[in-house]
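Trainee: In the numbering used here, the protein residues as written are 155 to 556.
Just dropping this structure here.
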Amino acid sequence: MIEVNAESYFSENIKSALKNDPPGEWMPKLPDKCIRLSSGFPAPSLVPVEQLKDAVASLLEEENDLPLHYIGSPKVAKLKEQIQERLQEHDIQASRDELLITSGACQAIDLIARILMDESTVIAIESPTYMEALEIFQNYTSHFVTVPVDEHGLDTEMLEEMLEERKRKGVTLPQFLYTIPTFQNPTGTTMSTERRKHVLKLADKYDFLIVEDDAYRELYFDKPSIPLKAMDQEDRVLYVGSLSKVVATGMRIGWVAASPEFITALSWFKKDLGHPFAQATMASFLENTDMEKRLKSLREAYKIKCDALLSALEQYLPPSVSWYVPEGGYFVWVKTEGIDTSELLTEALSDGVSYVPGQYFFLNQQDGKAFLRLSFSYENPKEIDEGIQKLGNVLKQMLSGK
Ligand SMILES: Cc1ncc(COP(=O)(O)O)c(C=O)c1O
């Protein structure tokens, strides 16, 4: 009998992707009763459990077995209309053939990578960027252009310099830019309107696409910003969205809005690998929910948590530490002076508080050593305050060399 060596059967692409860190390496193993400032999850009390129970009950009452088959639930078709309507609220006009419902924004990103990338493709990413998207892209290529993010989002001047230099040297230009312009993960920053206009101009001038990940769009504290997709005159933006952060992450409802040619290619690979039951349940939930009211209360709740985090940072962190103040979303990005935040994490966890070390959000992990990402979404203000006090203590201890 010949012994099967699984690896010898893998494609070359897979073999090289498997050399990267395993997915989810960044997720700390939490001790019991740890204050979770690491998790980018909605607060448990803000997950609409009762309404989802009702949504399932009324769905099955109305449609019987239909949502439990591969196809046939009218509510699945309804969900697409509901998402089209929500997009219109943000000045994004997407017809039926310009919209694909996916299993979360992450599946949308993976499908986009699948149709646009091969191992020689160059893509531009923000530095730092959303670690799961980075993991996805690294499954397909190792050619990245990394562009810094500051308090006004992606530094488009720097992007222009990089593009110009590549053009001058005859080096391959990026196929697309992956950006999270609004309440970026991990920095919490929002791209200014001038930069939004600039990046669209650059896309035209240097002929690349933009993958806009707008997972946090609805969670603004004060006012919404204009999506790149709404400003896009040339169909260069593939717009990715999600209901994870405003309804429930486990439902995995996301989408891509783009011109029909892209949607057709994406659908080719998505096939029917979605979840009709989750989609139909979401449609039933949306039908019976005043979303404007829900969003308003989520915005208020997250603003209170964010304020609690910011005032605790002022109170407990040493003056050498700095951070960006977000205008929405889930995260605050913290910069320490000369502390290795993955070493600090061991101390923080044993004191009962978690965060995500900055290194995981960078292609070159060394660049992120001094940073850490705090999430204010999960815990309540009292726990947030306690967690930052603990973090302040371990930071001060490490700074004083104890
Ligand atoms: C920027 C960004 N995009 C996408 C997602 C994931 O969205 P989904 O749950 O719809 O896959 C997240 C979740 O943390 C995120 O931060």
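All C-beta atoms, glycine included, are put in the ideal place defined by N, C-alpha and C.
Since this is a predicted model, take the numbers as computed values, not measurements.
Express the C-alpha separation of PRO185 and ILE364 in angstroms, rounding to a whole number.
Mentor: Rounded to the nearest angstrom, the two C-alpha atoms are 40 Å apart.
Trainee: Assuming SER531 and PHE195 form a contact by the criterion Cβ under 8 Å, report the distance between their Cβ atoms to the nearest whole angstrom.
Mentor: Contact flag correct, Cβ pair sits at about 6 Å.
Trainee: Measure from the alpha carbon of SER451 to the alpha carbon of each residue in GLN469, PHE423, GLY428, GLU372, then state which is nearest.
Mentor: Of the candidates GLN469, PHE423, GLY428, GLU372, the one whose C-alpha sits nearest the C-alpha of SER451 is GLU372.
Trainee: Mind checking whether PHE375 and LYS457 have CB atoms under 7 Å apart?
Mentor: Cβ distance < 7 Å, so PHE375 and LYS457 count as in contact.
Trainee: With DSSP as the reference, please indicate the residues paired to GLY566 in a beta bridge.
Mentor: Lying outside 155 to 556, the shown extent of the chain, residue 566 is not represented and no answer is given.
Trainee: Would you list, in sequence order, the uninterrupted beta strand (DSSP E) runs of no fewer than 3 residues that lie entirely inside the stretch 402–460?
Mentor: You should have 407–411.
Trainee: To the nearest whole angstrom, what separates the beta carbons of LEU233 and MET552, a pair I think is in contact under 8 Å?
Mentor: Actually they are not in contact, since the Cβ atoms of LEU233 and MET552 sit about 49 Å apart, beyond 8 Å.
Trainee: Report yes if the CB atom of SER476 is closer than 7 Å to the CB atom of LEU191, and no otherwise.
Mentor: Their beta carbons are not under 7 Å apart, which means SER476 does not touch LEU191 by this criterion.
Trainee: Measuring only from the beta carbon, is ALA259 closer than 6 Å to any heavy atom that is part of ligand 1?
Mentor: Yes, since a heavy atom of ligand 1 falls inside the 6 Å radius drawn around the Cβ of ALA259.
Trainee: Between LEU397, ASP505, GLN387, GLN292, which lies nearest to PHE246 when the distance is taken from Cα to Cα?
Mentor: Per the sequence shown, residue 246 should be read as Ile rather than Phe. Checking every option, the nearest Cα to that of ILE246 belongs to GLN387.
Trainee: Starting from the C-beta of PRO328, find all residues in its chain whose C-beta is less than 6 Å away, skip the five residues before and the five after it, and write them out in chain order.
Mentor: Cβ neighbours of PRO328 beyond the five flanking positions: VAL276, ILE277, ALA278, VAL299, PHE362.
Trainee: Quick check: GLY342 and VAL486, are their CB atoms within less than 7 Å of each other?
Mentor: Yes, the pair counts as a contact, with Cβ atoms nearer than the cut-off.
Trainee: Between which residues of its own chain and GLN261 is the CB-CB distance below 7 Å, once the five residues before and five after are set aside?
Mentor: Within the same chain, GLN261 has close Cβ partners GLY408.
Trainee: Report the three-state DSSP secondary structure of GLU243 (helix, strand or coil).
Mentor: The answer is helix: DSSP assigns GLU243 an H, G or I state.
Trainee: Measure from the alpha carbon of LEU549 to the alpha carbon of each residue in SER474, ILE538, PRO381, then state which is nearest.
Mentor: The shortest C-alpha separation from LEU549 is found at SER474.
Trainee: Would PHE515 and PRO182 qualify as a contact pair, given that the criterion is a beta-carbon distance under 7 Å?
Mentor: No, the Cβ-Cβ distance between PHE515 and PRO182 is not below 7 Å.
Trainee: Compute the minimum distance between the beta carbon of GLY408 and the heavy atoms of ligand 1, and state whether it is under 6 Å.
Mentor: It does: the Cβ of GLY408 is within 6 Å (strictly closer) of some heavy atom of ligand 1.
Trainee: According to DSSP, simplified to helix, strand and coil, what is PHE516?
Mentor: The answer is coil: DSSP assigns PHE516 none of H, G, I, E or B.
Trainee: Would you check whether ligand 1 has a heavy atom nearer than 6 Å to the C-beta of ASN293?
Mentor: No, Cβ of ASN293 sits at least 6 Å from all heavy atoms of ligand 1.
Trainee: As an exercise, report each continuous beta strand (DSSP E) stretch of at least 3 residues that is fully enclosed by the stretch 247–320, in chain order.
Mentor: Listed in chain order, they are 253–257, 276–281, 297–304.
Trainee: Taking the Cβ atom as the reference point for each residue, do PRO137 and LEU213 lie within a distance shorter than 7 Å?
Mentor: This structure does not reach residue 137, given that the chain is present from 155 up to 556, and the question cannot be answered.
Trainee: Provide the residue(s) that pair with THR333 in DSSP beta bridges, ordered along the chain.
Mentor: THR333 is bridged to GLU366.
Trainee: Give a yes or no on whether the C-beta atoms belonging to GLY512 and CYS188 are separated by under 7 Å.
Mentor: Their beta carbons are not under 7 Å apart, which means GLY512 does not touch CYS188 by this criterion.
Trainee: Measuring CA to CA, which of GLN519, HIS306, GLU441, ALA432 is closest to GLY258?
Mentor: The residue with the shortest Cα to Cα distance from GLY258 is ALA432.
Trainee: If you follow the beta strand (DSSP E) that SER529 is part of, which residue opens it and which one closes it?
Mentor: Run containing SER529: 525–529, per the beta strand (DSSP E) assignment.
Trainee: If contacts are defined as beta-carbon pairs under 8 Å, then ASP389 and SER413 qualify, I think. What distance do you get, rounded to the angstrom?
Mentor: Confirmed, about 4 Å.
Trainee: Between which two residues does the alpha helix (DSSP H) holding VAL325 run?
Mentor: Neither: VAL325 is in no alpha helix (DSSP H) and is coded neither H nor E.
Trainee: Would you please state the rounded distance, in angstroms, between the beta carbons of VAL230 and ALA434? I believe it to be under 8 Å.
Mentor: Right, the Cβ-Cβ distance comes to about 5 Å (below 8 Å), so this counts as a contact.
Trainee: Since VAL488 is in the beta strand (DSSP E), which residue starts that stretch and which ends it?
Mentor: VAL488 -> beta strand (DSSP E) spans 485–489.
Trainee: Less than 7 Å between the beta carbons of ALA267 and ILE290, yes or no?
Mentor: Going by C-beta atoms, ALA267 is nearer than 7 Å to ILE290.
Trainee: Hey, THR495 and LEU526: beta-carbon distance below 7 Å or not?
Mentor: Contact: yes.
Trainee: Given a threshold of 16 other Cβ atoms within 10 Å of its Cβ, counted over all protein chains shown, does PRO228 qualify as buried or as exposed?
Mentor: PRO228 should be labelled exposed.
Trainee: What does DSSP give as the partner residue(s) for TRP477 in the beta ladder?
Mentor: According to DSSP, which records beta bridges pairwise, TRP477 is partnered with VAL488.
Trainee: Verify the contact flag: SER379, CB atom, against every heavy atom of ligand 1, threshold strictly below 6 Å.
Mentor: Answer for SER379: no, Cβ out of range of ligand 1.
Trainee: Return the chain-ordered list of same chain residues with a C-beta closer than 6 Å to the C-beta of PRO430, the five sequence neighbours on each side being excluded.
Mentor: Contacts found: PRO221, SER227, VAL230.
Trainee: Is it buried or exposed for ARG350, if we count other Cβ within 10 angstroms and need 16 for buried?
Mentor: The residue in question, ARG350, is buried, as its Cβ has 16 or more Cβ neighbours within 10 Å.
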